[in-house]
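Chains as they are written, first to last, in our numbering: chain A, 70 to 450; chain B, 4 to 274; chain C, 3 to 282.
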Amino acid sequence: MRLAPEAEGGGANAPDDRTKGQRMNDGGGTFRGVTKKFGSFTAVNDLSFEIEAGSFVSIVGPSGCGKTTTLRLIAGFEFPTVGSVFIGGSPVERMEAYERPINMVFQSYALFPHLDVFDNIAYGLRSRRNRRPAAEVKARVNEIIGKMQLSGKEHNRVWELSGGQQQRVALARAIVNNPKILILDEPMAALDKKLRRDVQFELQSLQRELGITFIMVTHDQHEALSLSDRIIVMNRGRIEQIGSPDELYNRPASRFVASFIGDFNLLELEKPAAGGTVDVAGRVLAVPQERAGEGATIAVGFRPDALKLSAAAPGAGGEAWRATITNVIYLGDKVEIKLDCPSSGTLLARADVARLAERRFRVGDTVHLTVEDSDFHHFTK
Amino acid sequence: MRAFSLFIFLFLYLPVAVIVVFSFNAAPNMSAFTGLSLRWYAKAFSNPLAIAALTNSIVIALCSAVVSTAIGSAVAIGLMGTSRTTRIVVQSLMMLGLAVPGIVIGLASLVFFSAAFSGAEQAVAMLAGWEQAAKLFSFGRPTVIAAHSLFCTALVVEVISLRLRQLNPSWLEASNDLYAGRGETLWRVVVPFIVPAMVAGGLLSFVLSFDEFIIAFFVSGTKPTLPVYMFASVKRGATPELNAIATSMLTISILVSVVAFSFLRRGQARA
Amino acid sequence: MLQPRMARLLLLPGYALLALTLIGPLITTLVISLGRRAPSGGYETALSIENFASVLSRSTAFLNTVQLSAFGAAICILAAIPVAFFIAKHLKGSVRYTVLFLVVLPFFTSFVARTYAWYFALGGRGLPAVLEWIGLGRFRFLNTDFAVAIGIIYAYLPIAILMLFVAFDRIGDDLLEASNDLGRGKVETFFSVVIPLAMPGLISTYSLLFILLSGEYLIPMLLGGGKVYFIGNAIVDLFLQSRNWPLGSAVAISLMSMMIVVAFLSQIFQRMANRDGRIG
Ligand SMILES: Nc1ncnc2c1ncn2[C@@H]1O[C@H](COP(=O)(O)OP(=O)(O)O)[C@@H](O)[C@H]1O
Ligand SMILES: [Mg+2]
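Written out as structure tokens, the structure is:
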């Protein structure tokens, strides 16, 4: 096994964790140029990324973009058509799932219906390849049963459990084996909304406590934003952006990421702006420094929170920045206002109810729009 | 596992292939293959006994198919509107008709029809004072058709019930909502929905009846069906004509089954 | 949705058919089995269980049938398992159903013609001639237990594969992957997940094969030359040769009883093995 230079670099530069180097060898994961084809269809296209040991990473993207395939490539249920996969620095792309130090929580949970809760959890510890002495199995399984609040359910049939309990059994069955990486494929999909919040907190605490690398697929961007250290955004088999939740929200690298993570008002330019400035419906914006080298700007946009409404006279941009209110939606402490703007189409504004308290906007009102220059994002792709 | 599956495949098809090949063999004895010829087909089907048996089998299979498709469709639809108990009883009896081995059905039909015939003949003789009554009934096509209709109907009920389970109950409500009464709904929604299954069930009934041996062996009387005729001939040894007859039978059943299964799949695809 | 009166009307022809071809015949057989053979053959009214006592004199046929059926069913299952598993878990899409169709197709072709194929293949001009030509010596296959066993496996393999396919197909791929994920390889997974979950299907397949095989007549007759004696042969002899209908009926009733017992036991075992909480 050989660790790629950039992998070491990534490990060394990463702040904050004293055992980072050791963890990197332990539970990090690396994809290098991984492509997976099913027949002529390319499900995953030239994927390269690093996952830091001990981190909580989410993979998000629209349905069919290759998230599950990526997980299955890590777990060993699919093998790359091209490229390599490293776990803890060792190449594993030729290894079968049962040889990899990884465990998975299946979307369906895949609990064995012919075994009770205890035997399901003990399944991995009793495998021929990884057999532990009976006393150890008993101790470890009982410990995890306690930790996962399944005490008293040891000898229940798994199909008699509630959805939340089944999910905890699936988690317990995986982590009892001390995997280097735990993989979760849409673990919340089968839970109802209220339970989901609680489980998200539990999952986060569990990950902190165990220090195991978690890689989770979800199509729920809020879930990804609230749980993860890093998020991998995929689209059509490719990576759009990798970053912390803050980076993705505040510095989306592409139109796709901007629209996918949170709400976004996107303004496509009629013709790409190659110079140092962009003309958006009568407003001239300077292209920011960090985008300058990337080519022509093709779109700009801003978050709904950045859009301010006022009944007063227009700001910069004049009449083009006037719009009619088409919907007003109260969301408890916030209010969302949908607008029809002659120059920019449909826009969304969001503001604290408190801030708007003195002014009641109604459907049909005409308002003036204000966005700070610095709130505009510029996109070259 | 792949290799073993391939081996099983060969095991299933090789003996049949040998028969087919040798049925086209020009050589007078079967020790070697000397060239293609249809002479054994000509010979087999110029034999009046073979032709009579073939005709017999086709007529019986057609009648069984028609009878069992009609009764089976009616039963399958009727089962939708009965109590749970009736449904379970009827379905179990139908299953019994499929599961009881042919030999038992065959001999039971033999004794039952004998008893029924002699009872009926005595009644006719007594009531009409007709001495000739003893020859009124005999075993033949009707008895085979009746006995075959049992397992064929059971099969049709099974196939159509399977299809009816895919019928979305809200279609019936939608039909009622759109002013069609119950009878009209049955005719305009349910029946069209099960037509592919009816065709498939009828064709499979034809095949099963056409190929059936042991029941026909008991109740065909002096008029053998093709399988019974073939069995009697095989006991006298393998001949090239038998290869030709066997090949013809296999061809007929394979063709009809393929069509039947394509109807089953078509029904499936549209659901 | 259907009016009860309409439903009853639709069921009427079904009742008539069942009465005429199933219930009537089975009851008649039961009545006749309690009667006596008329001097010229056939049936004479009586009420005794004498015939059932003489069934015991046919115990060799029973024993033979039970042995060969139990053995044949076991071989069938063993041969069917890898094929059914291969089709259910390794083939995908349309290939899968085409292969399944091709495996099951022989079941819908003439039983007599297929058995005749083996009669031809195992007969003097078939396999023995080939083996002698290769120089392996002289062999005789026809009229042996071996030929009957081959014929039985050949005839019932398709239905065994079909039934086991259904049993394996119901086991989700995710369970097999979960087992792999937890460190168990293919063989270990097969025995710790697939077999336990398919157990009800295995039991019902075995008992159905056993029942079908024990009613077999054609195969022992053609490939066993009547030397391999099944209950089926006994029944045909009693009915069509010695015309002892009462004894023949008693043998048939005994055979049916045995089958019912097997079906019943199979239900019990299936329920015991049905540990995943699903029915069947
Ligand atoms: N075994 C397979 N054979 C063929 N196509 C597949 C297979 N698995 C996934 N795909 C295709 O690959 C694409 C990506 O699938 P997946 O990774 O499941 O997406 P996601 O989890 O992001 O919704 C989909 O279009 C899917 O149809
Ligand atoms: Mg997915």
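By construction, the Cβ of each residue, glycine as well, lies at the ideal position given by its N, Cα and C atoms.
The structure presented is a predicted model; accordingly, all values stated were derived computationally and were not measured.
The alpha-carbon of residue 18 (chain C) is positioned some 34 Å away from that of residue 273 (chain C). If you check the C-beta of residue 110 (chain A) against ligand 1, you find a heavy atom less than 7 Å away. The alpha-carbon separation between residue 213 (chain B) and residue 235 (chain B) amounts to approximately 17 Å.
Nearest CB-CB separation between residue 98 (chain C) and chain A: not below the 8 Å threshold. Distances taken from the Cβ of residue 107 (chain A) to the heavy atoms of ligand 1 include one shorter than 7 Å. Going by beta carbons, residue 164 (chain C) and residue 78 (chain C) fall outside the 8 Å limit.
Contact residues of the stretch 194-218 of chain A toward chain C are 196, 197, 198, 199 (C-beta to C-beta distance below 8 Å). For residue 151 (chain B), the enclosing alpha helix (DSSP H) has its first and last residue at 144-167. The C-alpha of residue 246 (chain A) lies about 30 Å from the C-alpha of residue 151 (chain A). For residue 264 (chain B), the closest C-alpha among the options B:205, B:233, B:62, B:226 is that of B:205. Cβ-Cβ separation between residue 70 (chain C) and residue 150 (chain C): approximately 7 Å, consistent with a contact (criterion under 8 Å). Per DSSP, residue 230 (chain B) is one residue of the alpha helix (DSSP H) stretching across 229-237. Residue range 391-400 is occupied by the beta strand (DSSP E) that includes residue 392 (chain A). Comparing alpha carbon positions, the residue from C:170, C:22, C:123 closest to residue 240 (chain B) is C:123. Any Cβ of chain B closer than 8 Å to the Cβ of residue 81 (chain C) would place that residue at the interface, and such an atom is present. Here residue 218 (chain A) is exposed. Its C-beta has fewer than 16 other C-beta atoms within 10 Å. For the stretch 24-57 of chain C, the residues whose beta carbon sits under 7 Å from a beta carbon of chain B are, in order, 24, 26, 27, 28, 30, 31, 34.
Chain C has a Cβ within less than 8 Å of the Cβ of residue 183 (chain A).
Taking 7 Å as the Cβ-Cβ cut-off, the stretch 221-242 of chain C has no residue approaching chain A. When DSSP states are grouped into helix, strand and coil, residue 176 (chain A) belongs to the coil group. Residues 158 of the same chain have their beta carbon placed closer than 7 Å to that of residue 214 (chain C), with the five preceding and five following residues left out of the count.
Looking at the backbone, the Cα of residue 311 (chain A) and that of residue 174 (chain A) are separated by about 23 Å. In the DSSP assignment, residue 420 (chain A) falls outside any alpha helix (DSSP H) and within the unbroken beta strand (DSSP E) covering 414-421.
B:23 is the residue among B:16, B:23, B:8, B:87 whose C-alpha sits nearest the C-alpha of residue 242 (chain B). The residues 341, 342, 343, 449, in chain order, have a CB closer than 7 Å to that of residue 365 (chain A) in the same chain once the five nearest residues on each side in sequence are set aside. Around the C-beta of residue 172 (chain A), 16 or more other C-beta atoms lie within 10 Å, and the residue is accordingly described as buried. Annotation for residue 448 (chain A): the continuous beta strand (DSSP E) segment containing it runs 446-448. If you look at residue 92 (chain C), you'll find it in the alpha helix (DSSP H) that goes 61-92.
In this structure, ligand 1 has a non-hydrogen atom nearer than 7 Å to the beta-carbon of residue 136 (chain A). Counting along the chain, the unbroken alpha helix (DSSP H) around residue 244 (chain A) starts and ends at 232-244.
The three-state secondary structure of residue 434 (chain A), taken from DSSP, is coil. In summary, the residues of the stretch 158-182 of chain C whose CB is separated from some CB of chain A by less than 8 Å are 174, 176, 177, 179, 180, 181, 182, in the order they occur in the chain. CA-to-CA, the gap between residue 139 (chain A) and residue 287 (chain A) works out to about 12 Å. The stretch 187-196 of chain C makes no contact with the stretch 67-84 of chain B; the number of CB pairs closer than 8 Å stays below 3. The stretch 412-422 of chain A makes contact with the stretch 329-337 of chain A: 3 or more CB pairs, one atom from each, lie closer than 8 Å. For residue 243 (chain C), there is no enclosing alpha helix (DSSP H), since its DSSP letter is neither H nor E.
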